[in-house]
Structure formats: C-alpha cells, structure tokens
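See below for the structure under consideration.
Protein chains: 2
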Amino acid sequence: MRIALLGGTGDIGEGLALRWAHDTDHEIVIGSRDPEKAREKADAYEAEIEDRGGETKITGFENEMAADRADVIVLAVPAYHIADTIQAVSDSLTEGDILITPATGMKRDEDGFHYHKPSAGSVTTIAVEAAPEGVPVVGAFHNLAAGRLTDLDAELGIDTLLISDDETAKSTVASLAEDIEGLRALDAGSIANAAEIEALTPLLINVAMNNSGLHDLGVRFD
Amino acid sequence: MRIALLGGTGDIGEGLALRWAHDTDHEIVIGSRDPEKAREKADAYEAEIEDRGGETKITGFENEMAADRADVIVLAVPAYHIADTIQAVSDSLTEGDILITPATGMKRDEDGFHYHKPSAGSVTTIAVEAAPEGVPVVGAFHNLAAGRLTDLDAELGIDTLLISDDETAKSTVASLAEDIEGLRALDAGSIANAAEIEALTPLLINVAMNNSGLHDLGVRFD
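Chains A and Y supply the protein sequences, listed in that same order.
Here the working numbering is used: the first residue of the first sequence is 1, the next is one more, and so on.
Here the working numbering is used: the first residue of the second sequence is 1, the next is one more, and so on.
In structure tokens, the structure reads:
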C-alpha cells in the first residue's frame, strides 16, 4: 500500500515512516509544505533503514503531490494545521483514499499538560468536517511517544486506539498499524469517542513527567 | 491503617475492600447510608476472605461512623454523591485524615461512553472543594474495573494514577495502592491534572465494548 505522511518531517511522521519502512513493504511517501525538506528527510530515513541492512525506497514531495501518490494519508501535523492541510491536498484525494489523524490538542501550564478540547468536540472531528465527500477519516496513533517510535531499537509492546465512522477504513488502518512490530490496534468505536483518546496524550506526558524512570510512555490495555 | 470505604456496598467499594482485606493487614470499615446493609456486606466480605483461608475482621457502619473510625476514607460513591457524602461525614473527619476519590462523571449515548466534565473542572475538584480544611484529597482508583477487582482469582498487573495537591497524602495513598498485589501506583501530578484521568474510565469501557475478548480492562503505562 502507498502511505503518505504529510508533515512527515516532524517527529511523529518520522517515527511512523521509519517503522513502516523497516517492518513492511509499504511504499512510504514523505510530504511537507517544502518539497526540498521532504526529499532530504526521505533520503535520511532511507539511509537509516539501509544502515540497518534493510532495503527501502522512500520518496519526498510537497504535501499535495505526496497525497496524490498515496492510498492512505497520515496527517502528521499539529492540530491547528489539520483543516488547512486537508484543504490544501483536497484535489489530490480520490474516493477510497483514507485520511488518518493522530493529532491532539494540548495546552500546558505549571501543573502539566491538559487536553484542549476543540469546540468541534475533538481534533478528529475537525478532520472529518474538512475531509472531502467519500474520503473517510480514521483517528489513530495518538498515544505513541515519537521518541520511542523513531528509535528502531526500542520495542513497542503497546496499543493504538482506532476510531472511525467507516468500518472498512478502520479495518484497513488496523492492519497497517499491526504491520508495525509490537503495535496492537484496538477498536475504540466511532468518531464520537475521539475526545477521550486525544485526552490520553497529555495524561501520558504528565505520568512521564512525574515518575522517574518512565519516559516515552505508551499504554497497554489489559 | 484504618480504611473506611463509604459506599463500600457498591462494586468498586467491594473490590477495594476485598483486595485490601485479602492482601494486607489494614483494618477495613464498610460505610453505607444504611448501617444494616453495611454490616451485611462487611460480613459477606469477611466470609469470602475466610473461605479462602484468610483471616480478617471487617466491620460495617453508617457512613459517618465509618469515617470517624478511619484514617483514610475512600469515597466509593457515584460522582453526583461526592459532595453530599463529604458534607455528611464532615464532622467525623479530623486533620490528617485523607479522602480518596475514585469517581468519574460519564454519560452514555448510542456511540459509547463519554467523559462528562463537571463545571468545577473534574470530579476530584468537587471533592477538594467539599473537603474540610486540613483534610487532603487524593484522586486514585479511577481506572480499575470493579469486576476484576472483586474477583480475587483475577490477576491485576495494572496501574492506578494518583493526583493530589498534598504530596504526603499522595505518598500514603500510593503505599496503600501498592499494598494491593499487582497494582502499581503512578504519580500523575496535581489535582489540576484530574480530568484526563477521569476521562480514561469511559475510554476503557469503549475499548472493552468494541473488542471481543477484552473485558474488565485496566491500563498499564509502559
């Protein structure tokens, strides 16, 4: 499958790109607003996989062209760029493409991180509202620490929670998620259930901040 | 230590009572608005521990008297009874006593369970606002499935997250939590961080509802 990571030069995009490139045969396309930066990062990720004796071909393009080349498009951008980014690539999306959003809204104060719930109800809902007709949105990969994902020596052994109103799209993304070694995909229901998943991300940071020895935390439902 | 479980006849109260009675030497006091019911349940829990070859003494009283006898008071009541319950036992609390609140606010619709954030910011904050001067509040035990807790044959191997603005009280509750076999206490910071912990409870239910084979879920941070 062809997977585009828009914002694939950022840390969560890098983590997913490296994991899929390392663990699978999916074709990885890095997207960025700056095509030069996208190509540089694509080369760097490719080099990292090759250094480990793997073989892969990762390409880099401006977001719109990256989206055009892919079947599945991960919106690895901050929450406040989700709607923009979807609008910018809208003409490149065709019916049956799948949008994945891992973004959450957070604010920080002296006590720690807090979920900043958008008026739409969740960041995932913002993506749904911005998505063109016929292009389903799946929320996934919210609760993965980027530092752990990008370190290919780190074992995962954690879960990711999936939400969508499109069961077929959700099932495709579940397979892609479980193609990553050590990652288990769990179904958390429909888009209406997104806020609680997005709120788990600041909680993970708070727990890591307050307990020595815990960092780059993930979560396992058991 | 003497631990009172107000609402100790309900399922989360039962679970904590049985676990502490089984795994520790703490003195367990069951509280209820109905003292007769409290005594009946105390006898039933005692009988269950004895059936397993254990030895324990569990007593039951009306909430106010139960609180009076204890050093640590768990408010094992629904969120909408937290403030009432604290007010009802207020005269029985003495400086240095610790209140523990495991309650969360949830609403259900056709999609699943959702966190119902109170206007105070969290259910834990409601408890803080109702607590008498000098009686610290610790949020704990929110994300434990009652069914798993009450089944003494079930292994836990899960975490509970603690929040408080009183570090000494939080540390006492962390010890009490870890006295339960298979339960790890993690520090999630101050009361300001409560909402994300409370929101995890509906998420656990949604995950259990949507994945066959998963039920009575807990969570492990790793």
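By construction, the Cβ of each residue, glycine as well, lies at the ideal position given by its N, Cα and C atoms.
Between the alpha carbons of residue i and residue j, how many angstroms are there, rounded?
{"i": "I98(Y)", "j": "V135(Y)", "result": "6 Å"}
{"i": "H22(Y)", "j": "A47(Y)", "result": "11 Å"}
{"i": "Y45(Y)", "j": "A169(Y)", "result": "27 Å"}
{"i": "A103(A)", "j": "G112(A)", "result": "18 Å"}
{"i": "G7(A)", "j": "R19(A)", "result": "16 Å"}
{"i": "I126(Y)", "j": "A83(Y)", "result": "7 Å"}
{"i": "A42(Y)", "j": "G60(Y)", "result": "5 Å"}
{"i": "M106(Y)", "j": "P202(Y)", "result": "7 Å"}
{"i": "M209(Y)", "j": "L217(Y)", "result": "10 Å"}
{"i": "E155(Y)", "j": "H26(A)", "result": "39 Å"}
{"i": "D11(Y)", "j": "A195(A)", "result": "27 Å"}
{"i": "L144(A)", "j": "F221(Y)", "result": "11 Å"}
{"i": "L200(A)", "j": "D153(Y)", "result": "29 Å"}
{"i": "R88(A)", "j": "A130(A)", "result": "Checking the sequence shown, residue 88(A) turns out to be Ala, not Arg. Spanning the two alpha carbons is a distance of roughly 10 Å."}
{"i": "S90(A)", "j": "V74(A)", "result": "13 Å"}
On the criterion of 16 or more Cβ atoms from any shown chain inside 10 Å, does residue i qualify as buried, or is it exposed?
{"i": "H142(A)", "result": "buried"}
{"i": "D151(Y)", "result": "exposed"}
{"i": "H215(A)", "result": "exposed"}
{"i": "D159(Y)", "result": "buried"}
{"i": "R52(A)", "result": "exposed"}
{"i": "E133(A)", "result": "exposed"}
{"i": "E198(Y)", "result": "buried"}
{"i": "T94(Y)", "result": "exposed"}
{"i": "S212(A)", "result": "exposed"}
{"i": "G15(A)", "result": "buried"}
{"i": "G96(A)", "result": "exposed"}
{"i": "E62(A)", "result": "buried"}
{"i": "D109(Y)", "result": "exposed"}
Hey, does residue i have any beta-carbon neighbour from chain D nearer than 8 Å?
{"i": "R2(A)", "result": "Among the protein chains in the structure shown, which are A and Y, there is no chain D."}
Quick check on the DSSP output: what are the complete beta strand (DSSP E) runs of length 3 or more inside the stretch 86-124 of chain Y, in order along the chain? 98-101, 106-109 and 112-115
Closer than 9 Å, Cβ to Cβ, to anything on chain A: give me those residues from the stretch 77-111 of chain Y, in chain order. D109, E110 and D111
Anything in the stretch 150-169 of chain Y with a Cβ closer than 7 Å to a Cβ of chain A? List those residues in chain order, please. G157, I158 and L161
According to a CB-to-CB cut-off of less than 9 Å, which residues of the stretch 113-146 of chain A neighbour chain Y? F113, H114, Y115 and K117
Return the residues of the stretch 187-198 of chain Y that lie within a Cβ-Cβ distance of less than 9 Å from chain A, sorted by chain order. D187, A188, G189, S190, I191, A192, N193, A195, E196 and I197
Is the number of C-beta pairs between the stretch 113-128 of chain Y and the stretch 72-85 of chain Y that are closer than 8 Å three or more? yes
Touching by the beta-carbon criterion (3+ pairs, under 8 Å), the stretch 22-34 of chain Y and the stretch 59-71 of chain Y: yes
Counting pairs of beta carbons, one from the stretch 3-12 of chain Y and one from the stretch 177-194 of chain Y, are three or more of them closer than 8 Å? no
Contacting positions in the stretch 46-72 of chain Y - beta carbon closer than 9 Å to chain A: none
Could you run through the stretch 4-30 of chain Y and flag, in chain order, every residue whose CB is less than 8 Å away from some CB of chain A? none
Any residues in the stretch 169-180 of chain Y with a beta carbon nearer than 8 Å to a beta carbon of chain A? Which ones, in chain order? none
Residues, ordered as in the chain, of the stretch 199-220 of chain Y that lie near chain A by beta-carbon distance below 8 Å: A199, L200, P202, L203, L204, N206, V207, M209, N210, N211, L214, L217, G218, V219 and R220
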